[in-house]
Amino acid sequence: MQDADVATVATLEAEVSPAPWSPGIFSDCLRAEYECWVVRADKVFGFAILSLAPGEAHLLNIAIAPDRQGQGFGRKLLRKAANTAKKEGAERIVLEVRPSNLRARGIYERAGFEFLSLREKYYGPPKKEDAFVYTLAL
Ligand SMILES: CC(C)(COP(=O)(O)OP(=O)(O)OC[C@H]1O[C@@H](n2cnc3c(N)ncnc32)[C@H](O)[C@@H]1OP(=O)(O)O)[C@@H](O)C(=O)NCCC(=O)NCCS
């Protein structure tokens, strides 16, 4: 992901997330030098953001445009995140997911992620929702 992709990425995020990140948050992630990837053909239709800390990586966001979902791109991004985190010396990846997001939970579980804990009222506004914390040992 580059600065020039931020507007498209934020538009995509607004289409798929109940509490979308602003363009400024994506710019901050680039400035912070997080691992920020896009999936691109003619135009950008997916992205993922991973922060790396000693021992642990955090998958902060991942999305595929609705008309490209179900074609394996989410799984590929997840594999890239796991490979990068491992190469950089992380022992595990953690992420938060809405309990109601069965589709995302499905791809995480099939990739080997396991439930770690519950974070109460993690999401919101507009609507407060708990998060499941999932982890994958690398
Ligand atoms: C979650 C998300 C990133 C998954 O990306 P994707 O490209 O659609 O996922 P894939 O095509 O790689 O599918 C992965 C698996 O889901 C299955 N799948 C496909 N369509 C599905 C559907 N409609 N419902 C449930 N599972 C489905 C696939 O069969 C595949 O299974 P497999 O790994 O056993 O082969 C995507 O749906 C998305 O952007 N959702 C909105 C944003 C979001 O929720 N992000 C996560 C926040 S925690």
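Start counting the sequence shown at 191; every next residue gets the next number (my numbering).
A virtual CB, placed ideally from N, CA and C, is assigned to each residue, including glycine.
Quantities reported herein were computed from a predicted structural model and do not represent experimental measurements.
Cysteine 226 versus Leu267, Pro316, Ala204 and Arg282, residue with shortest Cα-Cα distance: Indexing the sequence shown from 1 puts residue 226 at position 36. If you compare the alpha carbons of Leu267, Pro316, Ala204 and Arg282 with that of cysteine 226, the shortest gap goes to Leu267.
Separation of alanine 272 from alanine 204, as counted between CA atoms: Residue 204 sits at position 14 when you count from the first residue of the sequence shown. Residue 272 sits at position 82 when you count from the first residue of the sequence shown. Cα atoms of alanine 204 and alanine 272: separation of roughly 25 Å, rounded to the nearest angstrom.
Proximity below 8 Å, CB of alanine 327 to CB of glutamate 299: Here the question's residue 327 lines up with position 137 in the sequence shown. Here the question's residue 299 lines up with position 109 in the sequence shown. Their beta carbons are not under 8 Å apart, which means alanine 327 does not touch glutamate 299 by this criterion.
CB-CB length for arginine 265 against isoleucine 239, believed under 8 Å: Counted from its first residue, the sequence shown places residue 265 at position 75. Counted from its first residue, the sequence shown places residue 239 at position 49. Actually they do not touch by this definition, with Cβ atoms about 17 Å apart.
Alpha-carbon spacing of phenylalanine 305 relative to glutamate 286, whole angstroms: By one-based count along the sequence shown, residue 305 stands at place 115. By one-based count along the sequence shown, residue 286 stands at place 96. Straight-line Cα distance between these residues: approximately 10 Å.
Exposed unless 16 or more other CB atoms sit within 10 angstroms - verdict on threonine 198: Within the sequence shown, numbered from 1, the residue matching residue 198 stands at position 8. So threonine 198 ends up on the buried side.
Every unbroken alpha helix (DSSP H) within the region 198-282, with a cutoff of 4 residues, ordered by chain: The alpha helix (DSSP H) runs lying completely inside the region 198-282 and spanning 4 residues or more are 213-221 and 263-277, given in chain order.
Leucine 202, buried or exposed, once every other Cβ within 10 Å from all chains shown has been counted against 16: Taking the first residue of the sequence shown as 1, we reach residue 202 at position 12. Per the 10 Å Cβ criterion, buried.
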